[in-house]
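Colleague: Quick note on numbering: the sequence shown equals residues 99 to 397 in the working numbering.
Don't be surprised by glycine CBs; every beta carbon is placed ideally from N, CA and C.
Source: prediction; values computed, not measured.
Here's a structure for you.
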Amino acid sequence: MFGKKLVAPPPGKLMAELTRRGPHKVDRGDLRIVGMSGQIFGPRTGKKLPAVAFAHDWLASSTRYRDLVHHLASWGIVVAVPDSQDGVFPSDIELATDLRAAVTVLRSVRLGNGTISVDPHRVGIAGHGFGAAAAVRAATDTVLLGRPPVEPRSLTALFPAPTTADLLPAAKTVTTQSLVLAADGQLDSMTQNALALAESLGGDVVFRTVEDADNRGLLEKRGIKSLIGVNGADKDTHRVVRAQLTGYLLHTLGGDDRYAAFADSGKTTGDAVATSVDDADPAALDHLSQLLGAKPPKE
99 MFGKKLVAPP PGKLMAELTR RGPHKVDRGD LRIVGMSGQI FGPRTGKKLP
149 AVAFAHDWLA SSTRYRDLVH HLASWGIVVA VPDSQDGVFP SDIELATDLR
199 AAVTVLRSVR LGNGTISVDP HRVGIAGHGF GAAAAVRAAT DTVLLGRPPV
249 EPRSLTALFP APTTADLLPA AKTVTTQSLV LAADGQLDSM TQNALALAES
299 LGGDVVFRTV EDADNRGLLE KRGIKSLIGV NGADKDTHRV VRAQLTGYLL
349 HTLGGDDRYA AFADSGKTTG DAVATSVDDA DPAALDHLSQ LLGAKPPKE
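Pasting the structure below:
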């Protein structure tokens with residue numbers, strides 16, 4: 099009937115849909131062609147596409163996310179993953195400047211054989227673990243090592259990790275919409291600061307927790323099995339993250355209201371549970387006690 103408003107499928111059904119590859123064929127490119135180390139993935143064709151610059155975790159690189167970014171590209175999202183700061187003592191600020199450079203490339207460089215273009219107003223920033231901290235830095239309104247702010251459309255922090263003491267104060271200047279995805283039971287630990295980050299970010303925040311998720315389980319392992327489609331990542335973690343990230347970006351960057359639930363802070367989407375920062379329980383033990391394996395006091 100004319101004028102009838104289309105109703106989006108329930109989030110659980112959308113989650114199941116988004117765990118599978120999208121409709122687009124995907125091409126891969128090398129960022130060295132524009133003077134950066136890293137990779138870029140995108141659909142084979144498309145005009146004014148959404149795009150995201152993605153930052154890797156500690157001691158990782160773009161190759162550890164090949165299936166994840168290929169998945170995003172199959173849903174029509176261009177993804178640039180710079181390779182830098184992959185040593186034992188990396189700088190989140192330096193990786194953040196590379197993210198800003200990647201955003202500039204996405205906004206200004208013609209991709210493919212002229213068959214792909216990115217809408218400069220539909221570019222976001224995302225990161226995993228240590229890379230999530232770099233993504234927060236890149237989204238701030240301050241100049242970083244001479245590179246000016248880039249004002250991303252959205253920010254995604256997957257299992258964010260703490261870095262330096264001024265990270266959370268810097269997060270307060272980030273006013274863009276954000277998704278913070280955390281492993282349940284690891285909201286405040288030596289390796290994850292998801293709760294504190296969600297509390298600190300200055301814009302609208304969607305905060306979700308995933309039960310039994312492995313924060314390092316998102317990393318893929320390339321080997322013989324990868325030739326037959328086995329990427330070596332934790333299957334459950336990878337499944338939830340790729341669906342969450344795809345749905346969130348399709349709505350916030352792509353403007354597709356079918357996936358609006360993924361940007362709704364009050365809605366649980368499949369295995370990713372909507373969590374309120376006000377109701378989330380902080381860790382019962384300090385970080386040192388957690389590191390030493392102490393048990394929380396009995397109630």
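Tell me the DSSP secondary structure of P258 in three-state form.
Modeller: coil
Colleague: Taking 8 Å as the cut-off, decide whether the C-beta atoms of A361 and Q275 are in contact.
Modeller: Yes, the Cβ-Cβ distance between A361 and Q275 is below 8 Å.
Colleague: Nearest to K333 by CA position, among R142, T195, R314 and A292, is which residue?
Modeller: R314
Colleague: May I have the straight-line CA-CA distance separating R251 from D310, to the nearest angstrom?
Modeller: 30 Å
Colleague: Between the Cα of K265 and those of A230, V303 and A224, spot the shortest distance and give me the residue it belongs to.
Modeller: Here the sequence assigns Leu to residue 265, which means Lys is not the residue at that position. Measuring from the Cα of L265, the nearest candidate turns out to be A230.
Colleague: In the DSSP assignment, the beta strand (DSSP E) including V186 goes from what residue to what residue?
Modeller: Unbroken run through V186: none, as it is neither H nor E.
Colleague: For M288, which of T307, T261 and V308 has the nearest alpha-carbon?
Modeller: T261
Colleague: What number of angstroms, rounded off, separates the C-alpha of L348 from the C-alpha of A281?
Modeller: 23 Å
Colleague: When you compare only the Cα positions, how much space is there between L204 and L351?
Modeller: 13 Å
Colleague: First and last residue of the beta strand (DSSP E) that includes H122?
Modeller: No beta strand (DSSP E) holds H122; DSSP gives it neither H nor E.
Colleague: Helix or strand or just coil, what does DSSP make of I175?
Modeller: coil
Colleague: Along the chain, where does the alpha helix (DSSP H) containing P267 start, and where does it finish?
Modeller: L265 to A269
Colleague: Check each candidate in A194, Q290 and G364 and name the one with the smallest Cα separation from P398.
Modeller: Residue numbering for the chain in the displayed model covers 99 to 397; residue 398 lies beyond these limits and cannot be assessed.
Colleague: For the candidate residues G210, S135 and R119, whose alpha-carbon lies nearest to that of G144?
Modeller: Nearest in C-alpha terms to G144, of all of G210, S135 and R119, is G210.
Colleague: Compute the Euclidean distance between the alpha carbons of A84 and G110, then round it to the nearest angstrom.
Modeller: An answer regarding residue 84 cannot be provided, because it is not within the stretch 99 to 397 covered by the chain.
Colleague: State buried or exposed for D377, treating a residue as buried only when at least 16 other CB atoms are found within 10 Å of its CB.
Modeller: exposed
Colleague: Give the straight-line distance between the Cα atoms of A114 and A341, rounded to the nearest whole angstrom.
Modeller: 8 Å
Colleague: Of the residues G227, K270, T254 and D217, which one's Cα is nearest the Cα of T240?
Modeller: K270
Colleague: Please check the pair A358 and G364, which I expect to be a contact at CB under 8 Å, by giving their CB distance rounded to whole angstroms.
Modeller: About 12 Å separates the Cβ atoms of A358 and G364, ruling out a contact at the 8 Å cut-off.
Colleague: Express the C-alpha separation of F228 and T117 in angstroms, rounding to a whole number.
Modeller: In a straight line, the C-alpha of T117 is about 24 Å away from that of F228.
Colleague: On the DSSP letters alone, give me the boundaries of the beta strand (DSSP E) that V304 sits inside.
Modeller: Note, V304: beta strand (DSSP E), V303 to V308.
Colleague: Looking only at its chain, what residues have a beta carbon closer than 7 Å to the beta carbon of Q284, apart from the 5 residues adjacent to it on each side?
Modeller: Q290 and N313
Colleague: Might you give, ordered along the chain, the residues of its own chain that have their beta carbon closer than 8 Å to the beta carbon of H215, omitting 5 neighbours on each side?
Modeller: This sequence places Ser at residue 215; His is not what is there. For S215, where only same-chain residues beyond five positions count, the Cβ hits under 8 Å are G144, K145, K146, L147, R208 and L209.
Colleague: Under three-state DSSP, which class holds H154?
Modeller: coil
Colleague: Report yes or no: do the region 159-177 and the region 117-128 share at least 3 C-beta pairs separated by less than 8 Å?
Modeller: yes
Colleague: Consult DSSP for T367 and reduce its assignment to one of helix, strand or coil.
Modeller: strand
Colleague: What is the rounded straight-line gap between the Cα of T161 and the Cα of T273?
Modeller: 31 Å
Colleague: Span of the alpha helix (DSSP H) holding L348?
Modeller: K333 to T350
Colleague: Can you look up V167 in the DSSP assignment and give me helix, strand or coil?
Modeller: Helix, per DSSP.
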